[in-house]
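Undergrad: Next up is a structure, given as structure tokens.
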Amino acid sequence: PKFASLFSLILSISYNLNKARVQFCNREAATGPMKLFVSEGNPHCLKVLAALEVTGVHCGVQYISHEEKVVPFLSRPSFPALLLPSGQHLFSSNAICRYFFEVNGQESNDVSNQWLEWETIVLQPVLHQALHMAVVQGKGSEVSRVLQSPLNFLDQSLSKGSMPHLTGESVSVADVILWAALYPVLSDSSLFVRAWFDHLAAMHSCQSAAQKVLQGKAMKNYMQKQSVPQSFQCRDTQPSNSSPAEEGERAVSEEEMEAATLTWRKGLTSCSLATERQHPLLPEEGKRNILLTSALPYVNNVPHLGNIIGCVLSADVFSRYGRLRGWNLLFVCGTDEYGTATENKAREEGLTPQQICDKYHAVHSSIYKWFQIDFDFFGRTTTEKQTEIAQDIFWRLHKNGFLVEDTVEQLRCENCQRFLADRFVEGTCPHCSYPEARGDQCDKCGRLINAVELREPQCKVCRQTPIIRSSKHLFLDLPKLERQLEQWLEKSTSTGDWTANAKQITRSWIRDGLKPRCITRDLQWGTPVPHPDFKEKVFYVWFDAPIGYLSITASYTNEWDKWWKNPQQVELYNFMAKDNVPFHSVVFPCSLLGAQDNYTLVNHLVATEYLNYEDTKFSKSRGVGVFGDMAKDTGIPSDVWRFYLLYVRPEGQDSAFSWADMALKNNSELLNNLGNFINRAGMFVTKFFEGCVPEMDLQREEKKLLAVVGWELQQYIQLMDKVRIRDALKHILNISRHGNQYIQVNEPWKKIKGGESDRRRAGTVTGVSVNIACLLSVMLFPYMPLVSQTIRDQLNAPQSCIGTMLQGTGTFVCALSAGHRIGTVSPLFQKLETDQIEALKKRFGGQQKPAQSSVSAPAAPGAEVKVVGGVDPEKAEQLTKAVAEQGEKVRALKAQKAEKDVIAAEVSKLLELKKHLALAEGKNAAPAPQTGKKKK
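At position 240 of the sequence shown the residue is numbered 240 (full-length UniProt numbering), and the sequence of numbers has no breaks.
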């Protein structure tokens, strides 16, 4: 510490002298140009080139060899070096970077200076060692261990801040210097570091700098001429029981070891968490009461893996974790059943909207049950409670003056005799000219649009061109609520855990200015508007659907208002994908603020990015990707699906599901790492100690291991508390790696055959290992509940271990004391074979066959049908399937942007199939005579 303080002082003095020299040069208005001297392969030169590119400062660059001297008063070559207009030199890479930024008008602040001190004092010594390992020795896989401690610090700092960069919204000198320092060696890191690093790496200026100075073997040639890091020079003098794998591990102090040992010896607490929840759950005084919601899935679609990880699975992991922490937590969700999408699906399948809802609600329930999503209540929005609560909020908004009337121009299909809701119309986007934009939003550019703005609009049902008609609607007056919203947002985003994308999307909506938003629609399937002037209309789904959280809770308990009208006692977490953010952070909160009924508003808004499938998007119509009802047919256990989806959870940026990567993670992380350690620990107890945990005599090595494992546990808890689910999982796997290394170094299978001392040593190693396995079973529970239970069953672990390990900042205690008898141990995971994975990849890669049918003149679109005789149930069943397949084919062609005549031909086939289906069902496929406008 004294050395660090002294070094920091020297750095500060040196920088201030350089700064004074620079200011003097500027005041003297020297006329000569600046020149930057760099050498290829020198990683320090990457810093200054990146800073030069980012700032755009005018400066010549000269490449020279490593041996040439540029700074006249230095005894040896030093690069990079900057020749100033005054003839003076700067020869510290960080000082040069700061100079470029200051010339560009960006002064370094205190935060930047602290980061640069940290980079020099803490990061650079470790980086020198890491560079030597990666570049000279070719041990790139071991670099992550060397950098673990500084990267953890950097990661925690990034996770605590709400800004995308180290010092604020824009790229600073600290960002450039740290990025350039890490660039040559950073191959794997945690979420926050990776998102920050990738953002900078994507900048053209940084890419250009890297290409100029670190091409080919230049860096290896440079590094081979540098001095060997001290840790390598001293390796031969290390104690014989230390292994190379320990290099770069987090340093553990004597105090940490003693504290970890004391905690270990405390043992389990007598109290345990209640295993059975007593329903209905209600807020309790003195407890942390958490209301947790997952975005309501559309009832009419089968959810794919991206839908599952984006909402319900992420929420389930956090809810399970919260219960382990002893929080009083209620987890609700349900199907979103009203709106245009349901009407459209009902038309496609020839069912009523209610039948569609009943059918797909059961499908959703079955899928989530298989994925072990542990809702306290999974409801639906087509209930009397929904109508009652939505209409109450409506009348409160009306009474408080937050609703306005306006006449809206809408698209009406004369052929179908109906106004077209947003999702019933497609056309060309007025902003980006995407030809298949929806009536509410363009999927390509993401802009919100009004259906009447579409160019060349078409009715999605009959493909006719609609006309524009006027209709009177009600609007939520968002501008009138904007100030209240901003005050609430400032408090919620600063005190709660909002993901960066949630903050960014919300800020963009506020920045663009809020506009009144229509809350009514000309539909039949929805919550009816109670106002007498609008009795033919229903509520728009994005006014109505979020109220489903309230009505679903009301279906769970009549005392629902203790959760939803209790902001003083209740914390609300919303889980969703990023496309749902504006409705949860702006529209719905405005509805509740305007209602003025003490509603609980969201405290923590957790939004994921998108999960893609391999190198494309999920598509039911094209048969691409795994959907929820298909996963169980793969033969892969649901816990393995959960593990991999959470391992690639798109927390900071989009990620992709990959069959090859899933097999790799299963076989390496689950089978060879986690499963191997837990199985070995249990088998040693069974094989060497007759099924009873042996006595444990803790030596220095065990105390250090306890401290390291305890630290990993603390990191896990800190990350999970912040809903950093993907990152927290890595710490579970780190613990099992520590355990495997501990077993491998100590070789209990050999020591058990030795003398008394060796046998005692084997007992200690086995006892500590099996206790680490018990800790892992608890930490795994939110991620892999069945595997977690299986481990505890095999270890015969006491129930109280669940309530002890995750209390406070983490408590790694001896849960299985000497003499404890374990159960039967067996392998936890199976290998995923290459041929199995290849078959699954082919099966879900879009190989479905299109429906075959003969084509004649299509029936008139929009025709009404009449029931007649001649029903053929068997043929009707076949044709129903054919209609569904042909409908999928049509949608696939549209998604692929096929030629219009190709699409028209397939639409004709679809209509012909529908005509035959109508006949098989005993209906008249001929159009009914039109006698006037239909009333809707």
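For each residue, glycine too, the CB sits at the ideal point set by N, CA and C.
Quick test of the definition: if touching needs 3 or more C-beta pairs under 8 angstroms, does the region 513-532 touch the region 390-408?
TA: With the cut-off at 8 angstroms, the region 513-532 and the region 390-408 touch.
Undergrad: From the DSSP output, which residues share a beta bridge with Leu-780?
TA: Along the sequence shown, one-based indexing puts residue 780 at 780. Beta bridge pairing from DSSP links Leu-780 with no other residue.
Undergrad: So, helix, strand or coil for His-304, using DSSP?
TA: In the sequence shown, the residue the question calls residue 304 occupies position 304. If DSSP states are grouped into helix, strand and coil, His-304 belongs with the strands.
Undergrad: Expressed to the nearest angstrom, what Euclidean distance is found between the alpha-carbon atoms of Asp-661 and Pro-827?
TA: Residue numbering aside, residue 661 sits at position 661 when the sequence shown is read from its first letter. Residue numbering aside, residue 827 sits at position 827 when the sequence shown is read from its first letter. The alpha-carbon atoms of Asp-661 and Pro-827 are separated by roughly 22 angstroms.
Undergrad: Might you give, ordered along the chain, the residues of its own chain that have their beta carbon closer than 6 angstroms to the beta carbon of Glu-712, omitting 5 neighbours on each side?
TA: Start at 1 with the first residue of the sequence shown, and residue 712 comes out as number 712. Answer for Glu-712: His-731, Asn-734 and Ile-735, listed in chain order.
Undergrad: Thinking C-beta only, is Val-765 closer than 9 angstroms to Leu-816?
TA: Within the sequence shown, numbered from 1, the residue matching residue 816 stands at position 816. Within the sequence shown, numbered from 1, the residue matching residue 765 stands at position 765. No, the pair does not count as a contact, with Cβ atoms beyond the cut-off.
Undergrad: Around the C-beta of Arg-98, are 16 or more other C-beta atoms found within 10 angstroms, so that it is buried, or is it exposed?
TA: Residue mapping note: residue 98 aligns to position 98 of the sequence shown, counting from 1. So Arg-98 ends up on the buried side.
Undergrad: State buried or exposed for Ile-467, treating a residue as buried only when at least 16 other CB atoms are found within 10 Å of its CB.
TA: Position 467 of the sequence shown, counted from the start, is the residue given in the question as residue 467. By the neighbour-count rule (16 or more Cβ atoms within 10 Å), Ile-467 is not buried but exposed.
Undergrad: Tell me which same chain residues have a C-beta within less than 6 angstroms of the C-beta of Gly-439, skipping the five on either side of it?
TA: Within the sequence shown, numbered from 1, the residue matching residue 439 stands at position 439. Same-chain partners within the cutoff: Asp-422, Val-425 and Ala-451.
Undergrad: Would you mind working out which of Gln-207, Ser-619 and Leu-674 sits nearest Phe-643, comparing C-alpha positions?
TA: Stepping through the sequence shown from its first residue, residue 643 is reached at position 643. Selected option, being the one with the closest Cα: Leu-674.
Undergrad: Are the Cβ atoms of Gly-739 and Ala-773 separated by less than 9 angstroms?
TA: Taking the sequence shown and counting its residues from 1, the one referred to as residue 739 is at position 739. Taking the sequence shown and counting its residues from 1, the one referred to as residue 773 is at position 773. Taking 9 angstroms as the Cβ cut-off, Gly-739 and Ala-773 qualify as a contacting pair.
Undergrad: Which residues in the same chain have their Cβ closer than 7 angstroms to the Cβ of Ala-728, if we skip the five residues on either side of it in sequence?
TA: On the sequence shown, position 728 is the one that residue 728 refers to. Tyr-716, Leu-719 and Met-720.
Undergrad: Based on Cα-Cα distance, which residue from Ile-290, Ala-631, His-431 and Trp-179 lies nearest to His-304?
TA: Taking the first residue of the sequence shown as 1, we reach residue 304 at position 304. Closest option to His-304, Cα to Cα, is Ala-631.
Undergrad: Residue range of the beta strand (DSSP E) that Thr-335 falls in?
TA: Working through the sequence shown from its first residue, we reach residue 335 at position 335. First-last of the beta strand (DSSP E) with Thr-335: 328-335.
Undergrad: Tell me which residue opens and which closes the alpha helix (DSSP H) that Asn-94 is part of.
TA: Looking up residue 94 in the sequence shown gives position 94. Per DSSP, the continuous alpha helix (DSSP H) segment holding Asn-94 begins and ends at 93-103.
Undergrad: Is the region 315-334 in contact with the region 275-294, if contact means three or more CB pairs nearer than 8 angstroms?
TA: They touch, by the three-pair rule.
Undergrad: What is the rounded straight-line gap between the Cα of Glu-536 and the Cα of Arg-469?
TA: The residue given as residue 536 occupies position 536 in the sequence shown. The residue given as residue 469 occupies position 469 in the sequence shown. Looking at the two C-alpha atoms, the distance is approximately 16 angstroms.
Undergrad: Which complete alpha helix (DSSP H) runs does the region 111-187 hold, if anything under 4 residues is left out?
TA: 124-131, 143-146, 148-160 and 173-182
Undergrad: Go ahead and label Tyr-63 buried or exposed: buried means 16 or more other beta carbons lie within 10 angstroms of its beta carbon, across all protein chains shown.
TA: To locate residue 63, count along the sequence shown from 1; it is residue 63. Tyr-63 is exposed by the Cβ-count criterion.
Undergrad: Can you give, in chain order, each stretch of the alpha helix (DSSP H) that sits fully within the region 525-604 and has at least 4 residues?
TA: 541-544, 547-556, 561-564 and 588-595
Undergrad: Below 9 angstroms between beta carbons: does that hold for Tyr-321 and Leu-786?
TA: Looking up residue 321 in the sequence shown gives position 321. Looking up residue 786 in the sequence shown gives position 786. No, these two residues do not count as a Cβ contact at 9 angstroms.
Undergrad: May I ask you to verify whether the region 827-836 touches the region 608-622, counting CB pairs closer than 8 angstroms and requiring at least 3?
TA: Taking 8 angstroms as the limit for Cβ pairs, the verdict is that the region 608-622 does not touch the region 827-836.
Undergrad: Assuming contact is defined by CB atoms lying nearer than 9 angstroms, are Trp-115 and Thr-167 in contact in what I supplied?
TA: Walking along the sequence shown from the start, residue 115 turns up at place 115. Walking along the sequence shown from the start, residue 167 turns up at place 167. For Trp-115 and Thr-167, yes; Cβs fall inside 9 angstroms.
Undergrad: With respect to the beta strand (DSSP E) encompassing Pro-457, which residues constitute its N-terminal and C-terminal limits?
TA: Position 457 of the sequence shown holds residue 457. 455-459 is the extent of the beta strand (DSSP E) around Pro-457.
Undergrad: Quick check on Gly-513: does DSSP put it in helix, strand or coil?
TA: By 1-based counting over the sequence shown, the position of residue 513 is 513. Looking at Gly-513 - three-state DSSP - the assignment turns out to be coil, as it is neither helix nor strand.
Undergrad: Would you kindly work out how many angstroms separate the C-alpha atoms of Arg-418 and Arg-521, rounded to a whole number?
TA: Position 418 of the sequence shown, counted from the start, is the residue given in the question as residue 418. Position 521 of the sequence shown, counted from the start, is the residue given in the question as residue 521. Rounded to the nearest angstrom, the two C-alpha atoms are 12 angstroms apart.
Undergrad: Just tell me which of Ser-314, His-165, Ser-471 and Leu-592 has its CA closest to the CA of Ala-577.
TA: Residue 577 sits at position 577 when you count from the first residue of the sequence shown. The shortest Cα separation from Ala-577 among Ser-314, His-165, Ser-471 and Leu-592 belongs to Ser-314.
Undergrad: With Ala-209 and Glu-456 assumed to form a contact (beta carbons below 8 angstroms), what rounded beta-carbon distance in angstroms separates them?
TA: Here residue 209 is taken as the residue at index 209 of the sequence shown, counted from 1. Here residue 456 is taken as the residue at index 456 of the sequence shown, counted from 1. The pair is not a contact, with the Cβ atoms about 47 angstroms apart (cut-off 8 angstroms).
Undergrad: My output table needs one value for Ser-471: the three-state DSSP class, helix, strand or coil.
TA: Counting from 1 along the sequence shown, the entry for residue 471 is found at position 471. Strand at Ser-471.
Undergrad: Return helix, strand or coil for Ile-449, following the three-state DSSP convention.
TA: Here residue 449 refers to the residue found at position 449 of the sequence shown. Here DSSP, grouped into helix, strand and coil, assigns Ile-449 to coil.
Undergrad: So, with DSSP's three-state summary, where would you put Thr-499?
TA: What you label residue 499 is simply residue 499 of the sequence shown in a count that begins at 1. Thr-499 falls in the coil class under three-state DSSP.
Undergrad: Beta-carbon within less than 8 angstroms of Ile-510's beta-carbon, same chain only, minus the 5 sequence neighbours each way: which residues are those?
TA: Here residue 510 corresponds to residue number 510 of the sequence shown, with the count starting at 1. The answer, listed in chain order, is Glu-482, Leu-485, Glu-486, Leu-489 and Val-586.
Undergrad: Can you check which of these residues, Pro-72, Lys-444, Ile-547 and Ile-802, is closest to Gly-379 by C-alpha distance?
TA: Start at 1 with the first residue of the sequence shown, and residue 379 comes out as number 379. Of Pro-72, Lys-444, Ile-547 and Ile-802, the residue nearest in Cα terms is Ile-547.
Undergrad: Could you give the uninterrupted runs of the beta strand (DSSP E) lying entirely in the region 33-96, keeping only those of 3 residues or more?
TA: 35-38, 60-63 and 81-83
Undergrad: Taking Lys-539 as the reference, which of Gly-635, Phe-677, Ser-591 and His-431 has the closest Cα?
TA: Counting from one through the sequence shown, the residue named residue 539 turns up at place 539. Going by the sequence as given, residue 539 is Phe instead of Lys. Considering only alpha carbons, the answer is Ser-591.
Undergrad: Touch check for the region 597-610 and the region 569-576: three-plus C-beta pairs under 8 angstroms?
TA: Verdict: yes, contact present.
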